[in-house]
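Working notes, structure below.
Protein chains in written order, with full-length UniProt numbering: chain A, 1 to 449; chain B, 1 to 449.
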């Protein structure tokens with residue numbers, strides 16, 4: 001009997017909420033980004049609702065060199081995710097714990113060890129969200145004063161990196177601890193394997209000095225949606241976090257990643273696709289819109305402009321009237337061209353002013369935004385889920401009590417429809433996501449079961 | 001009024017105890033090195049006794065390539081310290097939290113951020129124990145297949161590394177969070193500083209995106225006792241962990257490090273010197289000796305030999321009878337020559353067999369070992385403390401209930417003598433150690449207070 005297909009839910013934790021102005025909300029904690037009690041409350045809340053996981057993002061630099069922008073954001077005032085997620089492991093019992101760490105500035109042996117350790121600390125609840133770092137401000141903190149390597153090179157390195165990390169996770173087989181006190185033999189050393197990786201970017205011996213957890217190894221999550229990101233996900237990842245603003249985009253992404261995954265000889269079920277969603281929920285449409293308007297009214301123009309400027313590739317819009325249109329003939333840029341095109345299309349199709357454009361997109365930072373009643377939100381999620389756009393969602397609570405709202409208002413509706421579990425059915429992150437324990441590369445297939 | 005000088009106490013956590021055979025003790029947990037409940041119990045126990053800190057060591061490789069040795073040690077079965085100490089931050093409230101991380105394979109920006117984050121997670125209780133990695137097995141996990149750099153080069157790099165890390169900790173001044181919701185200004189960005197470090201080994205911009213904790217910045221601990229290690233401690237460290245087996249050695253080390261510290265323009269009180277001590281405590285001498293004998297009888301010859309072989313610089317003693325003397329004319333080796341000489345002196349002076357030598361030194365792994373009654377242990381600690389050998393001690397519990405024994409039996413005696421506090425008098429690790437909050441390099445001295 002196969003398990004009924006249900007929605008996976010992540011709680012993407014952000015200090016006071018994901019809306020860029022959430023810190024100005026009357027309910028926000030003044031130091032929300034560096035307040036363990038705040039994160040503990042949110043993680044336990046998500047766990048009380050049987051969410052699959054909590055999720056932490058990361059950037060290894062302050063977000064800008066522009067003091068006026070830096071002073072208006074909480075993005076420079078955050079715990080480091082590995083230390084925070086380890087603390088959360090000690091104050092939760094069932095929920096999965098996913099932290100983002102960039103491959104760009106960390107040795108794979110360290111990273112493999114951090115997450116293997118977190119996986120044991122948490123009883124098999126860890127996941128690593130693999131990202132690469134492409135910003136100059138990040139590179140400058142790591143000996144790279146010239147700007148970091150090309151997108152393609154970053155992903156080639158990240159693919160080898162993921163392979164080394166997964167190999168190190170395999171380097172200690174299950175069942176190596178004998179604890180034979182009489183003979184003085186603690187381990188069966190034949191179950192520890194040297195990886196002996198010799199590659200283009202890395203040479204790593206192994207083994208890792210830490211046993212596997214109850215879920216075998218941490219879940220590998222990937223969060224880049226470029227073609228090379230999709231390919232890396234298809235080859236190595238077990239879950240994907242992505243920004244998809246429309247059902248059509250979500251379907252294209254979902255179909256493509258599942259197809260690429262099959263091409264690597266894996267099953268489509270070996271990878272879970274979780275678009276981000278930014279739900280502003282009210283008991284009535286009016287209440288939902290009013291909640292959203294409170295946040296929108298708090299977006300400072302410096303913050304709104306920064307968002308669209310950086311997504312248009314660093315253009316300077318400060319000389320243009322906020323209530324006029326985007327200038328014609330913006331310079332084409334290298335970086336993330338597709339995001340630029342999405343923004344330009346949106347502005348032209350709906351004839352938006354600069355202010356309208358940033359209000360349209362900056363609040364949810366480019367993610368799928370739903371403002372509505374519990375039934376409307378559930379309808380939207382159900383359509384992505386049933387129509388080939390998602391296996392679940394990474395919920396991005398917009399404001400300090402946004403996760404409370406989602407759990408109180410939307411979750412009962414999802415449960416009524418049989419779309420979300422009533423409580424945990426397993427103990428590990430793999431159990432929650434319906435992912436199998438992967439085969440170990442050092443164990444012959446026949447012996448893997 | 002100055003505070004009465006009292007002993008600082010650390011609890012150096014080791015899975016089942018520091019004795020090499022502790023895992024074979026009947027009270028040991030089978031998975032003690034990867035069991036969070038075990039570490040939580042020990043950390044809370046130390047906290048209940050108002051210890052200054054818990055301390056975690058680290059090595060970034062399994063301890064040997066020799067399967068027979070690897071199979072007989074728990075040194076390959078350990079949590080990674082940063083993740084473990086972060087979890088312990090969430091389940092303790094007052095005790096200091098010191099984790100070892102090597103400078104050799106970590107970027108200083110990452111390391112500065114991990115510890116700054118831990119410092120905030122714990123409310124100002126974090127410390128970093130700086131070590132460098134010199135072993136081939138460690139290098140081979142980090143792209144270095146030829147063996148790692150020379151001792152001098154490692155310490156030159158480590159000194160620059162420590163300066164970068166402390167600079168990044170200073171890069172965010174106190175009081176930057178304004179949380180001015182009305183005007184939309186969260187930070188005073190003028191209190192964030194670019195470090196702009198350009199050095200021989202590192203180029204790092206900063207600032208770090210995380211505010212200082214209640215203790216200003218994490219405590220820097222240093223644990224190498226070579227001349228370059230002492231010099232690095234004198235220049236940058238605020239506490240030193242060291243192995244000193246006799247009062248005379250401890251006095252030489254203490255005097256030398258304090259003198260070097262003064263030469264850097266710092267006060268002798270700016271650095272706390274904490275030798276390791278391995279106390280086997282019994283209500284009577286017989287009980288203490290019996291407890292020790294239980295452990296000694298469990299030392300497997302493979303483990304004992306491995307210890308002295310590696311401390312003699314990698315010689316192979318497997319062809320010699322265990323109950324005969326060390327062979328003459330052992331090859332002199334590069335590595336850690338002073339340790340080799342200590343071992344050879346010990347064997348010759350007391351005419352020890354190979355087995356007697358490893359039993360003499362392997363149990364406590366080269367640290368100062370005291371087997372005795374509470375009064376004898378307190379006398380020994382008091383003499384180091386009063387006679388210029390120590391500011392305190394890092395207690396290395398020998399067996400699974402060794403910390404319980406020390407707290408139950410020795411601590412009342414130390415308190416009766418006025419040598420140790422009855423309870424915490426402050427909230428941060430700096431408070432416990434009697435260390436001041438360091439001046440920030442980006443703040444003019446007049447404004448520092």
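Yeah, the Cβ is synthetic: ideal placement off N, Cα and C, and Gly gets one too.
Mind listing the chain A neighbours of residue 205 of chain B? Cutoff is C-beta to C-beta under 7 Å, in chain order. Within 7 Å Cβ-Cβ: 140 and 141.
Keeping to the same chain, check which residues put their C-beta closer than 8 Å to that of residue 264 of chain A; ignore five residues upstream and five downstream. Same-chain partners within the cutoff: 234 and 235.
Can you give the Cα-Cα distance for residue 427 of chain B and residue 215 of chain B, rounded to whole angstroms? 9 Å
Under 8 Å between the Cβ atoms of residue 108 of chain B and residue 149 of chain B? no
Is the Cβ-Cβ distance between residue 24 of chain A and residue 219 of chain A less than 8 Å? no
Starting from the N-terminal side, write out each stretch of the beta strand (DSSP E) that is 3 residues or longer and does not extend beyond the region 44-78 of chain B. 53-56
Any chain A beta carbon closer than 8 Å to residue 210 of chain B: yes
Spatial neighbours of residue 262 of chain A within its chain, please: C-beta separation below 7 Å, excluding the five flanking residues on both sides. 268
Residue 272 of chain A bridges to which residues according to DSSP? A:239
Thinking C-beta only, is residue 12 of chain A closer than 8 Å to residue 79 of chain A? no
Cβ-based burial, residue 293 of chain A [other Cβ within 10 Å; buried from 16]: exposed
Any C-beta of chain B sitting closer than 8 Å to the C-beta of residue 430 of chain A? Not one chain B Cβ lies under 8 Å of residue 430 of chain A.
Identify which residue in A:343, A:436, A:320 and A:286 has its Cα closest to the Cα of residue 311 of chain A. A:343
Around the C-beta of residue 433 of chain A, are 16 or more other C-beta atoms found within 10 angstroms, so that it is buried, or is it exposed? By the Cβ-count criterion, residue 433 of chain A is buried, with 16 or more other Cβ atoms from all chains shown falling within 10 Å of its own Cβ.
For residue 394 of chain B: DSSP bridge partner residues: B:10 and B:276
Check each residue of the region 2-33 of chain B: if its Cβ is closer than 7 Å to any Cβ of chain A, include it; give the result in chain order. 23, 24, 30 and 31
Residue 194 of chain B versus residue 124 of chain B: straight-line alpha-carbon distance, rounded: 23 Å
Indicate whether at least one CB of chain A lies closer than 8 Å to the CB of residue 306 of chain B. no
Backbone secondary structure at residue 449 of chain B - three-state DSSP: Legend: pLDDT at residue 449 of chain B = 45, less than 50; position of this residue unreliable, no value from coordinates given.
Where do the ends of the alpha helix (DSSP H) carrying residue 217 of chain A lie? Premise fails: residue 217 of chain A is in no alpha helix (DSSP H) and is neither H nor E.
Say whether chain B places a C-beta atom closer than 8 Å to the C-beta of residue 129 of chain A. Among the residues facing chain B, residue 129 of chain A is not included, as its CB has no counterpart in that chain under 8 Å away.
Leaving out five residues before and five after residue 317 of chain A in sequence, what residues of the same chain have Cβ atoms less than 8 Å from its Cβ? 305, 308, 309, 326, 327 and 354
Report the residues of the region 357-370 of chain B with a CB closer than 9 Å to any CB of chain A, ordered along the chain. none
Where residue 368 of chain A and residue 19 of chain A are concerned, what is the direct C-alpha to C-alpha distance, given to the nearest angstrom? 12 Å
How long is the line joining the alpha carbons of residue 482 of chain B and residue 43 of chain A, rounded to whole angstroms? It is not possible to answer for residue 482 of chain B, since the shown part of chain B is limited to 1 through 449.
For residue 36 of chain A, go through chain B and note every residue whose CB falls closer than 9 Å to its CB, in chain order. 89, 90, 120, 121, 122 and 123
Cα-Cα separation between residue 441 of chain B and residue 321 of chain A, rounded to whole angstroms: 42 Å
Chain B residues whose Cβ lies nearer than 8 Å to that of residue 161 of chain A: Result: empty, since nearest Cβ-Cβ is about 12 Å, beyond 8 Å.
is_contact[residue 300 of chain A, chain B] using C-beta, thresh 8 Å: yes
Are the beta-carbon atoms belonging to residue 251 of chain B and residue 387 of chain B less than 8 Å from one another? yes
So, residue 400 of chain B versus residue 31 of chain B, is the Cβ gap smaller than 8 Å? no
Hey, out of A:103, A:77 and A:120, whose CA is closest to residue 34 of chain B's CA? A:120
Where residue 310 of chain B falls: helix, strand or coil (DSSP): helix
Thinking C-alpha only, which one of A:282, A:229, A:299 and A:291 is nearest residue 256 of chain A? A:229
Mind checking whether residue 68 of chain B and residue 299 of chain B have CB atoms under 8 Å apart? With contacts defined as CB atoms closer than 8 Å, residue 68 of chain B and residue 299 of chain B fail to qualify as a contacting pair.
Residue span of the alpha helix (DSSP H) that contains residue 430 of chain B, given as start and end: 429-433
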